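A.B. asks: Got a structure here, written out as structure tokens. Questions coming.
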Amino acid sequence: MAQTILIPTDFSIGSLQVLKEFLNKQEDNSKVNIIFAAGYTTSSSISDLLFFSKHRIIKTLNLDAFDDAVKIIENKYNNKVNLTKIEFFTGWNQRSFINFLEGNDVDQIIYSKEEQLKSIHKSWFDITPLVRKIKYKQTAVEVDYDIEYPREYIALSPLFSTRG
Amino acid sequence: MKLLENTNIRHKTTVMFLLSTVAIVTFLSIVFYTSIEKIIDNDNDETLKLKSDIVAQLYLDDLRSKTNPDSIENNILALKLNRELVFSVKENHLSVLADSLKLPLMFLEQINTLQNGFYENDSLQYVGKKYNAPEDDFIVITSSENYFKKHIQKHLQRIMVISFFVVVFITFLISLYLSKNLFKPIVKITTRVKEISSQSLHLRLEKEKYNKELNQLINTFNEMLNRIETSFESQNNFISNASHELRTPLTSIIGVADVCLSKERQSEDYIETLTVILNEAEKLDRKTKALLSLAQTGFSGKVLKQEPIRIDELLWDCIATIQSLNQQSKIHFDISLIPENSAKLVVNGNKQLLHLAFSNIILNGCKYSNNELVKVSIGATNSKVVIIVQDHGIGIPKDEQQYIYDPFYRCSNTKKYEGYGIGLPLTRNIIKMHKGSILINSAENMGTIVEIHLPFK
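See the structure below:
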């Protein structure tokens, strides 16, 4: 049975370091499903609710570089990664977040110890504070950057800019 | 034929549109006219038959109440005035009757044998019907004026002719307007393309509003212009590159030979001089070969000689070459994200050119960071290989980053480093030839990151 891990993300390339670190440290060869989760505020209008589409949101966020970076990691850890997908959490409180985790069969949450996620879109919100509050199996990963660069959404270089 | 060759597409469309409309209108008119005629005729026919039935009934009633029916002559008169006629059938009478009624004999015989008959002349229509009553066999002929011919035909024809010409006229106007507007953007494109000469290759066509097909054409044009611009630039690069690169060894050869020949010398001196000359000549030879291969593959319009290349091997190769050239250089090849499946590292390309491109980038990293560590990383998505070269060198000033691909451009902070400003444009051209892209991210005094994407194809 593949383990499912959830990673809070702001879709920056640097935020994928967490996944890279995690897969690096994972020793056993069991497969993992990876869910990249981002908070997304929906308006309360009925039409927005009716026409809510994950694919359209992904499209507006323009995640080509992010996809490329995920593919690079997938290709590297071919025998560890079962599948990757993106999910949006649209709730507000801890209870709904736990529901979201249970609904997606999340076994473990991985997030960066010190790095702060930053907004890319007006509807995006950080779910790491929620993760920290709830009692759910979680691991904070330390990422050691080689060069500190501004948050990058186009270039893939932050993926490669760790020591070692 | 000459006339046809000279007509432009505008007139052709006008004529085509006009002809097709005329054809459709003609067809519709014919169908309409004939069907109207048919409907009215049928209707008339039915009325006449009904009339015959009534007359026959009246006649039979008459026959039963009176013993002596009216004479035939009276009945004929009745036809002329009231347009109906009843007479009993006697074979020999038919021809006489036909004569007196001015009806063809054929018509009467037809009624007699087939029970039914129809005849029409210019003004009148006749319907005949034969009844077999127990008292008498008799024929009823009713007639009416040809309603269609008399009242409708002329009117209809006039309406049709007028509307036909009106339609043709309107279509003509519409087609003129359409063809004029339809081809306006094309004319615009033509004039705009004419403006673009070899001196103004940076110009691009503007997009049209609400015109998808034309925008595709414009996009294609713009893409073509991009390619032409690149190849123009490369051509210029090539010439300047060649002259610069070839001059250095030549200068030293000339200098050394000149000094040597200024007076008579020992044989060791000659050997030394000749060695220098040989070295320089070999350098010259290498450069010429490189330039020649560049010229052959890139600019002569020939297809790029391509073979499958494993990019990681090529990078090892580049690093080995650079380290043999410059022992002090420190290069770290980071394979932490190299894909497990090595098939994802194979790119179709020209080995020499890609070698040149990667060496250029890595050498630049070493040179402008005073031989500090340069990190070369590799990774692969499902469609391309990503190569990233990071150094901790002097970087590129922010406001000069837009010029780095210009041939001979050298940044303000590179004064103490040797170079011609040719490596980067050359590299970009090579990457572009392989349909890849190159991205440079740099901060002054922090370092530079070069990111190269090479699609598998």
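Chains as they are written, first to last, in this note's numbering: chain R, 3 to 166; chain D, -9 to 447. Just so it is clear, CB atoms sit at the ideal spot from N, CA and C, and this is done for glycine as well. Just so you know, these numbers come straight off a predicted model, no measurement behind them.
#1: On the criterion of 16 or more Cβ atoms from any shown chain inside 10 Å, does residue 416 of chain D qualify as buried, or is it exposed?
#2: Using DSSP with H/G/I as helix, E/B as strand and the rest coil, what is residue 23 of chain R?
#3: Using a C-beta to C-beta distance shorter than 7 Å, which residues of chain R count as neighbours of residue 328 of chain D?
#4: Of the residues D:317, D:25, D:275, D:343, which one's Cα is nearest the Cα of residue 304 of chain D?
#5: So, are the CB atoms of residue 136 of chain D and residue 114 of chain D less than 8 Å apart?
#6: What would DSSP say about residue 406 of chain D, mapped onto helix, strand or coil?
#7: Looking at chain D, which residues of the segment 43 to 74 of chain R have a Cβ within less than 9 Å of any of its Cβ atoms?
#8: Given that residue 372 of chain D touches chain R, what residues does it touch there, using C-beta distances under 8 Å?
#9: Name the residue from D:447, D:394, D:402 whose alpha carbon lies nearest to the alpha carbon of residue 440 of chain D.
#10: If we cut at 8 Å on Cβ distances, does residue 304 of chain D have a partner in chain R?
#11: Measure the alpha-carbon distance for residue 85 of chain R versus residue 336 of chain D and round it to whole angstroms.
#12: Who are the Cβ neighbours of residue 62 of chain D in its own chain at under 7 Å, not counting the five residues just before and after it?
#13: Applying the 10 Å Cβ sphere with the 16-neighbour rule, what's the burial state of residue 126 of chain R?
#14: Whole alpha helix (DSSP H) runs in the segment 104 to 137 of chain R with 4 or more residues, listed along the chain?
#15: Would residue 81 of chain R count as contacting chain D if we go by Cβ distances under 8 Å?
#16: Does chain D have any CB closer than 8 Å to the CB of residue 161 of chain R?
#17: Return the CA-CA distance between residue 7 of chain R and residue 109 of chain R, expressed in angstroms with no decimal places.
#18: What is the rounded straight-line gap between the Cα of residue 239 of chain D and the Cα of residue 250 of chain D?
#19: Distance cutoff 8 Å, beta carbons only. Does residue 158 of chain R sit that close to anything in chain D?
#20: Under the rule that 16 or more other beta-carbon atoms within 10 Å means buried, what is residue 380 of chain D, buried or exposed?
#21: How long is the line joining the alpha carbons of residue 308 of chain D and residue 325 of chain D, rounded to whole angstroms?
#22: Cα-Cα, which of D:274, D:361, D:199 is closest to residue 233 of chain D?
#23: So the candidates are R:122, R:120, R:134, R:79; which of them puts its Cα closest to the Cα of residue 27 of chain R?
#24: Assign residue 95 of chain D to buried or exposed, taking buried as 16 or more other Cβ atoms, counted over all protein chains shown, within 10 Å of its Cβ.
#25: Any idea if residue 354 of chain D is buried or exposed, counting beta-carbon neighbours within 10 angstroms, 16 or more meaning buried?
#26: Is any heavy atom of the ligand ZN found at a distance shorter than 7 Å from the C-beta of residue 68 of chain R?
#27: Check whether the segment 211 to 220 of chain D touches the segment 184 to 203 of chain D, counting contact only when three or more Cβ pairs, one atom from each stretch, lie closer than 8 Å.
C.D. replies: Concretely, from the data shown:
#1: buried
#2: helix
#3: 78
#4: D:343
#5: yes
#6: coil
#7: 69, 70, 71, 72, 73, 74
#8: 73, 77
#9: D:394
#10: no
#11: 24 Å
#12: Confidence at residue 62 of chain D is low in this model, with a pLDDT of 49, below 50, so its placement is unreliable and the value that follows should be read with caution. These residues qualify, in order along the chain: 77.
#13: buried
#14: 130 to 135
#15: yes
#16: yes
#17: 6 Å
#18: 16 Å
#19: yes
#20: buried
#21: 15 Å
#22: D:274
#23: R:79
#24: exposed
#25: buried
#26: Looking for the ligand ZN in the displayed structure turns up nothing, as the structure carries no ligands at all.
#27: yes
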